[in-house]
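Below is one structure, written out as structure tokens, with a few remarks after it.
Residue numbers (UniProt numbering): 1 to 266.
Following this line, the structure appears as structure tokens:
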């Protein structure tokens, strides 16, 4: 009976995810507007902006926080729980949707918080093998456009130098405030993603934004552009290698790094 209940719950989760699938992208990506409430957004922003200044890491184009800590040079995470304000209510909703069902730890164990001021961004990049290939991003404060393009590789399938900066975007995803974006599979392993440095995002329409039909408020973008405001992202991932304090033993995920399709694997 329990097995039947689990299967039923999984089926409902997959049904909900399929409703959120971005159909104009050949690989699996899912977009849910208003994933959190306005009140929940306000609480998160208050928590993020009230942390001690030393908690922020300042980069040339943005600043960020790593929870529970930054990864080591060997891409290992020191085992430590996430703070409660990053768990509730977000990760419980991930569980309901089975987002991390197939990841080794069955839940995210790391959150990267990025703050982008108007005009700031990040060049196209890949997240790499430190994480299981499922990324769940919640946007706060303001919308932003995520630019995605397939990697440029040579005959030996090596990433060409400078390809993070070159090549036209193949997909543009408009992430509204309070929305959730989940990317997985080949979108994680074979594509680069980034945010262009600009004060305004323009040329926004059903012809240029691949998740246009899933937007919660299309009317906000009917002019085809918007002036950027400060946007904060919460990026949830499952780090594969975890070091438990006390015994000094490193736990490596039993499941090897490989593309995963959260919509079909059981």
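Cβ coordinates follow ideal geometry from the N, Cα and C atoms, glycine included.
- Rounded to whole angstroms, the gap between the alpha carbons of residue 234 and residue 105 is 19 Å.
- Under the criterion of beta carbons closer than 8 Å, residue 111 and residue 82 qualify as touching, at roughly 6 Å.
- Cα atoms of residue 174 and residue 54: separation of roughly 31 Å, rounded to the nearest angstrom.
- By the 16-neighbour rule on beta-carbons within 10 angstroms, residue 219 is exposed.
- The distance from the Cβ of residue 190 to that of residue 150 is about 6 Å, consistent with a contact at the 8 Å cut-off.
- Check the Cα spacing between residue 74 and each of 225, 138 and 128: the tightest is with 128.
- Using a C-beta cut-off of 8 Å, the region 84 to 100 makes no contact with the region 195 to 202, since fewer than three inter-stretch Cβ pairs fall below that distance.
- When the alpha-carbon of residue 139 is set against those of 245, 35 and 237, the nearest one is in 35.
- For the options 57, 23 and 241, the alpha carbon positioned closest to that of residue 209 is the one of 23.
- At a Cβ-Cβ threshold of 8 Å, residue 133 and residue 184 count as neighbours.
- For residue 94, the enclosing alpha helix (DSSP H) has its first and last residue at 90 to 97.
- In the three-state DSSP reduction, residue 67 falls in the strand class (E or B).
- Residue 182 sits away from residue 71, with the two beta carbons spaced by 8 Å or more.
- Residues of the same chain with a CB within less than 8 Å of the CB of residue 142, apart from the 5 flanking positions on each side, are 177, 228, 229, 230 and 231 in chain order.
- A Cβ-Cβ contact shorter than 8 Å links residue 187 with residue 28.
- Residue 100 carries a coil assignment under DSSP once its states are collapsed to helix, strand and coil.
- The continuous stretches of beta strand (DSSP E) do not include residue 49, which lies in the alpha helix (DSSP H) extending over residues 38 to 49.
- The beta carbon of residue 103 lies closer than 7 Å to those of 132, 134 and 238 in the same chain, with the five residues before and after it left out.
- By the C-beta density criterion, residue 120 is buried, having at least 16 other C-beta atoms within 10 angstroms.
- If the five residues before and after residue 198 are omitted, its C-beta is found closer than 8 Å to the C-beta atoms of 119, 121 and 228, all from its own chain and listed in chain order.
- Restricted to the UniProt domain "Fe2OG dioxygenase" (107 to 240), the beta strand (DSSP E) segments that are unbroken, complete and at least 3 residues in length are 110 to 116, 122 to 125, 134 to 140, 144 to 150, 171 to 175, 180 to 184, 191 to 195 and 231 to 237, listed in chain order.
- Looking from the CA of residue 116, the closest CA among 180, 207, 194 and 243 belongs to 194.
- Exposed is the label assigned to residue 222, since fewer than 16 other Cβ atoms lie within 10 Å of its Cβ.
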